[in-house]
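J.: Below is a structure I'd like to ask you about.
Protein chains: 2
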Amino acid sequence: MAEKTLDISISTTAEDFGGLRMTKQRQVVYDVLAALGREHPTAAEIFVDAKERMPSISLATVYNCLETLTGAGVIRQVCIDRAAARYCANLTPHAHFYCDCCEKVFDIELKDSAEATSVWSLPKGSKVTEMQVAMRGICGLCPRCRSEES
Amino acid sequence: MAEKTLDISISTTAEDFGGLRMTKQRQVVYDVLAALGREHPTAAEIFVDAKERMPSISLATVYNCLETLTGAGVIRQVCIDRAAARYCANLTPHAHFYCDCCEKVFDIELKDSAEATSVWSLPKGSKVTEMQVAMRGICGLCPRCRSEES
DNA sequence: GCCCTATTTAGAATAGTTCTTGATCTAAAT
DNA sequence: ATTTAGATCAAGAACTATTCTAAATAGGGC
């Protein structure tokens, strides 16, 4: 599977994206996250992989980069309960499903032409800028999780 | 506003609820949370109020009680990003809205006859046992937040 | 190349939460 | 009433994820 790094590196290497520089460290952090695909790694996990590509990088920098990239809207932070924050490069509107059985985090896509906020009765005049939807249960995808169902 | 403590104290004081004892401390923690209504206090905030009713109570006990009550399904834990966990005694299916302007947390009810998961394309065979929906934006409810809108 | 500022590094500090230990309480059995 | 076993509590230590701090470094504009 080719690494999905082009989106960002072509358009922003050594240039600005939203007023920020795409530094080597930020590029590495983004690349690592994109390479991990749908795995939703934590900062510590990203740090391990980033260190392979750039041994001098520090954990604080990984945190800084993740914050910068999140602020720039290039990646998303995913918080499930109070566990360590996870990150993903999938920017389509989607929810997260944590499987109690296999302990993985899955992306759940929005149904065709559905609107994530549509089932909620929001007060008039309110404006939603961000939405995080986290579900927990049994994914039913892997054999073990299928048998787990009562 | 009368304190909404009866639900639990009548049925469970000194008795079991789900195999657990409703101890004085658990009762106090529940009462404090219920009395705070829709304010979504943190453990530390609950601790302050609980100490007024029972000066000997400790923070660790507040944490223990909150965990126990959450596990028993009597209250809900609400996590928004990585901020301190908040708690609420409102058990109806609802989402949370954090207002960036007034920094309050509001309950958002489900629309009539709507299903919270209905907009998401869940994999076949999956089973959702819990769902947390957190929105962030401007509530538009108080005057300041109304003027905040562009 | 030099200067200015943004960024990085490493480690200390912090906040929220969990863990540990011994004390206390409760319910049930004696 | 006493004993016993197990659950719960209090206090503080420990832990974890994250943020902060200060000094070093890097990169773009001149």
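Residue numbers (this note's numbering), protein chains in the order written: chain A, 831 to 980; chain B, 831 to 980. Ideal Cβ placement from N, Cα and C applies to all residues, glycine included. This structure is a prediction, so every number in the text was calculated from the model and none was measured.
(1) Going residue by residue through the stretch 884-933 of chain B, where are the continuous alpha helix (DSSP H) segments of at least 4 residues, counting only ones entirely within it?
(2) Alpha helix (DSSP H) containing A/D861: first to last residue?
(3) Does the separation of the CB atoms of B/M965 and B/F927 fall below 8 Å?
(4) Could you confirm whether any beta carbon from chain A is found closer than 8 Å to the beta carbon of B/I968?
(5) By DSSP's criteria, B/E939 is part of a beta bridge. Which residues make up the other side?
(6) Is it a yes or a no for the stretch 929-944 of chain A touching the stretch 965-976 of chain A, going by three-plus beta-carbon pairs under 8 Å?
(7) CB A/V859 to CB A/I876, shorter than 8 Å?
(8) Please work out which residues of its chain come closer than 6 Å, Cβ to Cβ, to B/V862, disregarding the five sequence neighbours upstream and downstream, and give them in chain order.
(9) Starting from the Cα of B/H924, find the closest Cα among B/E933, B/A913, B/T947 and give me that residue.
(10) What are the partner residues of B/A964, as DSSP defines its beta bridges?
(11) Comparing alpha-carbon positions, which option in B/P973, B/L896, B/L952 lies nearest B/H870?
(12) Measure the beta-carbon distance from B/A913 to B/V892 and round it to whole angstroms, keeping in mind my assumption that it falls under 8 Å.
(13) To which residues of the same chain is B/E975 closer than 8 Å at the C-beta, ignoring the five residues directly before and after it?
(14) Would you mind sorting B/R916 into buried or exposed? The rule is 16 or more other CB atoms within 10 Å of its CB.
(15) From A/I938, A/P953, A/S943, pick the residue whose C-alpha is nearest to that of B/P953; which is it?
(16) Would the beta-carbon of A/I887 fall within 8 Å of that of A/Q855?
(17) Look at the Cβ atom of A/L940, then the Cβ atom of B/W950, and state whether they are nearer than 8 Å.
(18) Count the other CB atoms within 10 Å of the CB of A/L921; is the residue buried (16 or more) or exposed (fewer)?
T.: Quick answer:
(1) Runs of alpha helix (DSSP H) with 4 or more residues, each lying fully within the stretch 884-933 of chain B, are found at 889-901, listed in chain order.
(2) 854-865 is the extent of the alpha helix (DSSP H) around A/D861.
(3) Yes, they are a contact pair.
(4) A Cβ of chain A is located within less than 8 Å of the beta carbon of B/I968.
(5) Its beta-bridge partners are B/H924.
(6) Because the criterion of three Cβ pairs below 8 Å is met, the stretch 929-944 of chain A and the stretch 965-976 of chain A touch.
(7) Closer than 8 Å, so yes.
(8) Result list for B/V862: I876, D879, A880, in chain order.
(9) Each of B/E933, B/A913, B/T947 was checked against the Cα of B/H924, and the nearest Cα belongs to B/T947.
(10) Per DSSP, A/Q962, B/H926.
(11) Of the listed residues, the one whose Cα sits closest to B/H870 is B/L896.
(12) With a contact defined as Cβ atoms closer than 8 Å, B/A913 and B/V892 miss out at about 17 Å.
(13) The sequence as given places Cys at residue 975 of chain B; Glu does not occur at that position. The beta carbon of B/C975 sits closer than 8 Å to the beta carbons of C929, C931, C932, I968, C969 from its chain, once the five residues preceding and following it are set aside; these are given in chain order.
(14) Classification for B/R916: buried.
(15) Minimum Cα distance to B/P953 is reached at A/I938.
(16) Yes, the Cβ-Cβ distance between A/I887 and A/Q855 is below 8 Å.
(17) Yes, they are a contact pair.
(18) Counting Cβ neighbours within 10 Å, A/L921 comes out exposed, since fewer than 16 surround it.
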